[in-house]
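Protein chains in written order, with UniProt numbering: chain A, 1 to 325; chain U, 1 to 325.
2 protein chains.
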Amino acid sequence: MNVHTVSRPICIIGLGLIGGSLLRDLHAAGHPTFGYNRTTSRAEEAREEGFDVSSSLTETLARAEKEGALIVIAVPVPGFPHILDRIANEAPSCGFTDVASVKSAILQAVKERGLEGRYVGSHPMAGTADSGWKASTTGLFQGRAWVVCYDQLEEGDVSDAWAALWGDVAHMAGLVGAEVIPTLADSHDAAVARISHLPHVLAEALSVVGDNGGALSLSLAAGSYTDATRVAGSKASLVRAMCETNAPKLIEVLDEALELLQGARNDLAGDQPSLEELVDAGYRSRIRFDARSGLRPVLRVHPGADGWVSILRQAEAIGSRVEVF
Amino acid sequence: MNVHTVSRPICIIGLGLIGGSLLRDLHAAGHPTFGYNRTTSRAEEAREEGFDVSSSLTETLARAEKEGALIVIAVPVPGFPHILDRIANEAPSCGFTDVASVKSAILQAVKERGLEGRYVGSHPMAGTADSGWKASTTGLFQGRAWVVCYDQLEEGDVSDAWAALWGDVAHMAGLVGAEVIPTLADSHDAAVARISHLPHVLAEALSVVGDNGGALSLSLAAGSYTDATRVAGSKASLVRAMCETNAPKLIEVLDEALELLQGARNDLAGDQPSLEELVDAGYRSRIRFDARSGLRPVLRVHPGADGWVSILRQAEAIGSRVEVF
Chain A
1 MNVHTVSRPI CIIGLGLIGG SLLRDLHAAG HPTFGYNRTT SRAEEAREEG
51 FDVSSSLTET LARAEKEGAL IVIAVPVPGF PHILDRIANE APSCGFTDVA
101 SVKSAILQAV KERGLEGRYV GSHPMAGTAD SGWKASTTGL FQGRAWVVCY
151 DQLEEGDVSD AWAALWGDVA HMAGLVGAEV IPTLADSHDA AVARISHLPH
201 VLAEALSVVG DNGGALSLSL AAGSYTDATR VAGSKASLVR AMCETNAPKL
251 IEVLDEALEL LQGARNDLAG DQPSLEELVD AGYRSRIRFD ARSGLRPVLR
301 VHPGADGWVS ILRQAEAIGS RVEVF
Chain U
1 MNVHTVSRPI CIIGLGLIGG SLLRDLHAAG HPTFGYNRTT SRAEEAREEG
51 FDVSSSLTET LARAEKEGAL IVIAVPVPGF PHILDRIANE APSCGFTDVA
101 SVKSAILQAV KERGLEGRYV GSHPMAGTAD SGWKASTTGL FQGRAWVVCY
151 DQLEEGDVSD AWAALWGDVA HMAGLVGAEV IPTLADSHDA AVARISHLPH
201 VLAEALSVVG DNGGALSLSL AAGSYTDATR VAGSKASLVR AMCETNAPKL
251 IEVLDEALEL LQGARNDLAG DQPSLEELVD AGYRSRIRFD ARSGLRPVLR
301 VHPGADGWVS ILRQAEAIGS RVEVF
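Laid out in structure tokens, this is it:
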């Protein structure tokens with residue numbers, strides 16, 4: 001039994017891998033959902049599969065406003081300024097969220113337009129190396145973390161409407177099988193720099209170094225190279241957008257990695273080449289990660305209740321998921 | 001129909017992931033195969049599964065000598081000096097190969113003992129993050145590259161016996177479904193530094209940087225981190241042995257990676273953060289790799305025939321597999 005209920009229709013702007021997969025799962029869950037995709041032929045394909053999709057942003061936002069929908073912005077990061085302006089003007093009553101892989105820069109853009117009272121940032125930790133509507137699939141979010149940000153609550157009093165919006169975003173994530181992890185935008189960006197953006201940068205570098213070895217290297221490449229370079233096959237513009245938008249945090253963790261790698265290089269260049277320090281530390285870290293997998297602790301929270309911010313803070317500190325009631 | 005025939009029994013020394021999986025596949029193919037494992041309880045487990053396994057190295061080498069077996073050394077690299085000394089003394093007529101992930105250091109140890117006339121180095125490009133007999137499995141080598149070295153042929157005339165040994169090692173690889181790639185030891189070590197040892201070093205560093213982010217980072221980690229740190233879960237002593245034994249080649253490619261990553265760091269720190277150079281190069285490299293996958297060209301070679309060295313050189317240059325007839 002699915003206990004998640006979202007109190008309004010959902011309107012998804014942008015039907016790529018994430019937006020498209022969300023449309024599929026919400027539709028399958030029987031929740032009223034409609035969407036917009038800029039590319040007419042993609043919208044047409046989605047309609048042929050039975051989805052309620054338009055290629056007119058004007059019409060879509062008018063409908064969202066009329067129906068009091070929760071808007072989900074699922075376009076690439078460079079498209080945000082335009083979409084935010086359009087929402088401000090054409091859907092002035094709607095609450096909205098987004099699914100971008102950076103959160104501070106988006107929150108700042110939202111605040112510049114004075115829209116923070118009806119915005120809750122979010123980010124599903126799901127994806128593949130593929131992108132676009134054709135890559136969208138059902139079940140993409142099952143068991144995955146879905147970050148829901150609470151900066152406005154941390155910064156002061158919030159309205160009942162904002163608390164209800166936070167609850168609806170969390171329930172939407174639950175409706176598609178994801179686990180809600182509350183964070184501040186800054187903590188999110190620091191964490192994903194480590195576990196998503198740095199892996200992308202390392203994958204790009206490894207991909208180049210392997211290719212530099214020519215035909216023999218690529219012919220011998222097996223699991224370790226294939227797995228570690230997989231995300232280098234992601235669309236370059238998407239990788240660039242997320243890394244560049246999170247540059248300050250990414251630089252910090254890239255410096256950590258550079259120090260470790262430079263240390264390993266020096267250890268290898270000694271009279272007795274040794275990787276003891278790096279390999280022992282890496283092994284212990286990976287074992288800790290394995291031990292955690294699939295075992296997120298859970299806290300329960302009621303949006304708007306007294307002290308709910310402290311539950312969210314506590315969940316963030318231990319990487320816990322929250323159940324909204 | 002399997003066209004591969006090995007002209008003698010096969011004796012496997014060391015039944016970890018590689019040796020154990022080889023034993024399983026050769027046994028399943030109906031080829032006379034016996035093995036040795038130092039740990040008595042592991043040898044017992046293998047016998048209970050119906051394999052012909054001893055925990056006496058003395059008895060195993062005596063049997064190999066008596067039956068004229070092809071010996072496969074499948075112990076970790078630090079164990080090689082002892083095993084080579086024992087083979088020199090106790091199986092003085094046997095041809096032998098090995099499956100270690102470095103080839104120059106092993107060839108040097110073989111030459112120091114004057115055994116190069118009955119040795120052919122080899123390396124199956126297969127593995128998982130697990131190790132030991134319990135991790136061994138059937139089908140591990142199916143479709144994988146299996147390097148077979150030809151240094152002695154490159155360096156001068158070889159005996160008919162050495163040519164026959166080379167053919168048997170290649171046929172053994174074919175018997176378990178692998179594709180034979182001929183290389184010199186030095187070319188092999190340079191290539192695997194790029195596509196195996198560097199991935200391990202990057203995985204260790206990424207594993208540490210992710211763990212440095214604490215509970216929240218590990219809770220948010222998804223596919224890119226999981227895939228890219230997988231091999232950091234490999235047994236530390238095995239990772240160290242292969243990387244440290246190949247230190248000169250690994251340093252070269254680590255320097256290439258460090259230069260790329262330092263460049264990316266500087267590009268991110270500018271007024272207009274940009275990863276265009278690295279991401280475009282990484283993407284192009286990965287696409288080239290994808291395009292090659294599963295499409296190794298094939299050359300045919302008859303060991304000992306006039307000019308067979310030039311076919312092996314040509315195969316190495318293009319990363320081609322060879323079919324032995």
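Backbone N, C-alpha and C define an ideal beta-carbon position, used for all residues, glycine too.
Q: Check each residue of the stretch 120-135 of chain U: if its Cβ is closer than 8 Å to any Cβ of chain B, include it; give the result in chain order.
A: Of the chains in the structure shown, none is chain B; the protein chains are A and U.
Q. So what does DSSP say about Phe289 (chain U), is it helix, strand or coil?
A. For the purposes of this step, residue 289 (chain U) is taken as the residue at position 289 of the second sequence. Of the three classes helix, strand and coil, the one that applies to Phe289 (chain U) here is helix, per DSSP.
Q: Can you give me the Cβ contacts of Trp133 (chain A) inside the same chain, cut-off strictly under 6 Å, excluding the 5 residues immediately before and after it?
A: Here the question's residue 133 (chain A) lines up with position 133 in the first sequence. Here the set comprises Leu15, Gly20, Arg42.
**Q.** Neighbour flag for Val209 (chain A) against chain U, beta carbons, 8 Å
**A.** Locating residue 209 (chain A) in the first sequence gives position 209, counting from the first residue. Judged by the 8 Å Cβ criterion, Val209 (chain A) is in contact with chain U.
Q | Where Gln108 (chain A) falls, given that 16 or more other Cβ within 10 Å makes a residue buried | A | To locate residue 108 (chain A), count along the first sequence from 1; it is residue 108. The residue in question, Gln108 (chain A), is exposed, as its Cβ has fewer than 16 Cβ neighbours within 10 Å.
Q: Could you list the residues in the stretch 182-206 of chain U with a C-beta less than 8 Å from some C-beta on chain A, going in chain order?
A: Thr183, Ser187, His188, Ala190, Ala191, Val192, Arg194, Ile195, Ser196, Leu198, Pro199, His200, Val201, Leu202, Ala203, Glu204, Ala205, Leu206
Q) Helix, strand or coil: which one does DSSP assign to Gly14 (chain U)? A) Taking the second sequence and counting its residues from 1, one reaches residue 14 (chain U) at position 14. Coil at Gly14 (chain U), not helix or strand.
(Q) Can you look up Asp98 (chain U) in the DSSP assignment and give me helix, strand or coil? (A) To locate residue 98 (chain U), count along the second sequence from 1; it is residue 98. Strand.
**Q.** At least 3 beta-carbon pairs within less than 8 Å: the stretch 210-230 of chain U vs the stretch 287-299 of chain A
**A.** yes
Q.
Can you tell me whether Val148 (chain U) is helix, strand or coil according to DSSP?
A. If you number the second sequence from 1, residue 148 (chain U) lands on position 148. Three-state DSSP puts Val148 (chain U) in a strand.
Q) Given Ala190 (chain U), which residues of its chain have a CB within under 7 Å of its CB, disregarding the five upstream and five downstream residues? A) Here residue 190 (chain U) is taken as the residue at index 190 of the second sequence, counted from 1. Within the same chain, Ala190 (chain U) has close Cβ partners Lys249.
Q | Three-state class that DSSP yields for Val3 (chain U) in the structure shown | A | The sequence position of residue 3 (chain U) within the second sequence is 3, counting from 1. Coil at Val3 (chain U), not helix or strand.
**Q.** Beta-bridge pairing of Thr33 (chain A) - partner residues as DSSP gives them
**A.** Residue 33 (chain A) sits at position 33 when you count from the first residue of the first sequence. Answer by DSSP bridge pairing, in chain order: A:Ile10.
Q.
At a CB distance below 9 Å, what residues from the stretch 82-114 of chain A approach chain U? Give them in sequence order.
A. none
Q | Distance CB(Pro303 (chain A))-CB(Trp166 (chain A)) smaller than 8 Å | A | To locate residue 303 (chain A), count along the first sequence from 1; it is residue 303. To locate residue 166 (chain A), count along the first sequence from 1; it is residue 166. Against a cut-off of 8 Å, the Cβ pair of Trp166 (chain A) and Pro303 (chain A) comes out as a contact.
Q.
Which residue wins for smallest C-alpha separation from Thr128 (chain A), given the options A:Ile13, A:Glu277, A:Ile311, A:Lys235?
A. Reading the first sequence from its first residue, position 128 is the one you call residue 128 (chain A). Ranking the options by Cα distance to Thr128 (chain A), first place goes to A:Lys235.
Q | Status (buried if at least 16 other CB within 10 Å, exposed otherwise) for Ala315 (chain U) | A | On the second sequence, residue 315 (chain U) is found 315 positions in, with the first residue counted as 1. Burial call: buried.
Q. Thinking C-beta only, is Leu61 (chain U) closer than 8 Å to Glu90 (chain U)?
A. Taking the first residue of the second sequence as position 1, residue 90 (chain U) is located at position 90. Taking the first residue of the second sequence as position 1, residue 61 (chain U) is located at position 61. Contact: yes.
(Q) Just to check my reading of the structure: Lys103 (chain U) and His27 (chain U) have Cβ atoms closer than 8 Å, yes? What is that Cβ distance to the nearest angstrom? (A) Taking the first residue of the second sequence as position 1, residue 103 (chain U) is located at position 103. Taking the first residue of the second sequence as position 1, residue 27 (chain U) is located at position 27. Between His27 (chain U) and Lys103 (chain U) the Cβ distance is about 27 Å, and since that is not below 8 Å, they are no contact.
Q.
With a threshold of 8 Å on Cβ separation, who are the neighbours of Gly68 (chain U) within its own chain once the five nearest residues in sequence on each side are excluded?
A. The sequence position of residue 68 (chain U) within the second sequence is 68, counting from 1. Cβ neighbours of Gly68 (chain U) beyond the five flanking positions: Arg8, Pro9, Ser93, Cys94.
Q: Using a Cβ-Cβ cut-off of less than 7 Å, give me the residues of the stretch 19-45 of chain A that come near chain U, in sequence order.
A: none
Q | Proximity below 8 Å, CB of Gly282 (chain A) to CB of Ala205 (chain U) | A | Locating residue 282 (chain A) in the first sequence gives position 282, counting from the first residue. Locating residue 205 (chain U) in the second sequence gives position 205, counting from the first residue. Yes, the pair counts as a contact, with Cβ atoms nearer than the cut-off.
Q: Out of U:Tyr150, U:Glu276, U:Arg240, U:Pro199, point me to the one whose CA is closest to Arg230 (chain A)'s CA.
A: Taking the first residue of the first sequence as position 1, residue 230 (chain A) is located at position 230. Here the closest residue by C-alpha is U:Pro199.
Q) According to DSSP, what are the bridge partners of Pro182 (chain U)? A) Numbered from 1 along the second sequence, position 182 holds the residue referred to as residue 182 (chain U). Pro182 (chain U) is bridged to U:Val148.
Q.
Looking at Asp52 (chain U): is its Cβ nearer than 8 Å to the Cβ of Val72 (chain U)?
A. For the purposes of this step, residue 52 (chain U) is taken as residue 52 along the second sequence, with counting starting at 1. For the purposes of this step, residue 72 (chain U) is taken as residue 72 along the second sequence, with counting starting at 1. The answer is no: Cβ separation not under 8 Å.
Q) Between Gly143 (chain A) and Glu116 (chain A), which are expected to be in contact by the criterion C-beta below 8 Å, what is the C-beta distance as a whole number of angstroms? A) Taking the first sequence and counting its residues from 1, one reaches residue 143 (chain A) at position 143. Taking the first sequence and counting its residues from 1, one reaches residue 116 (chain A) at position 116. Actually they do not touch by this definition, with Cβ atoms about 31 Å apart.
Q) When the Cα of Arg321 (chain A) is compared with those of A:Leu312, A:Arg313, A:Val298, A:Trp308, which residue comes out closest? A) Stepping through the first sequence from its first residue, residue 321 (chain A) is reached at position 321. Of A:Leu312, A:Arg313, A:Val298, A:Trp308, the residue nearest in Cα terms is A:Val298.
(Q) Short of 7 Å in beta carbon distance, which residues of its chain neighbour Val110 (chain U), apart from the five on each side in sequence? Order them along the chain. (A) On the second sequence, position 110 is the one that residue 110 (chain U) refers to. Contacts found: Leu84, Glu116, Tyr119.
Q) From which residue to which residue does the beta strand (DSSP E) around Ser122 (chain A) run? A) As a first step, residue 122 (chain A) is located in the first sequence; it is residue number 122 there, counting from the start. Taken as a continuous stretch (DSSP letters only), the beta strand (DSSP E) holding Ser122 (chain A) covers 119-124.
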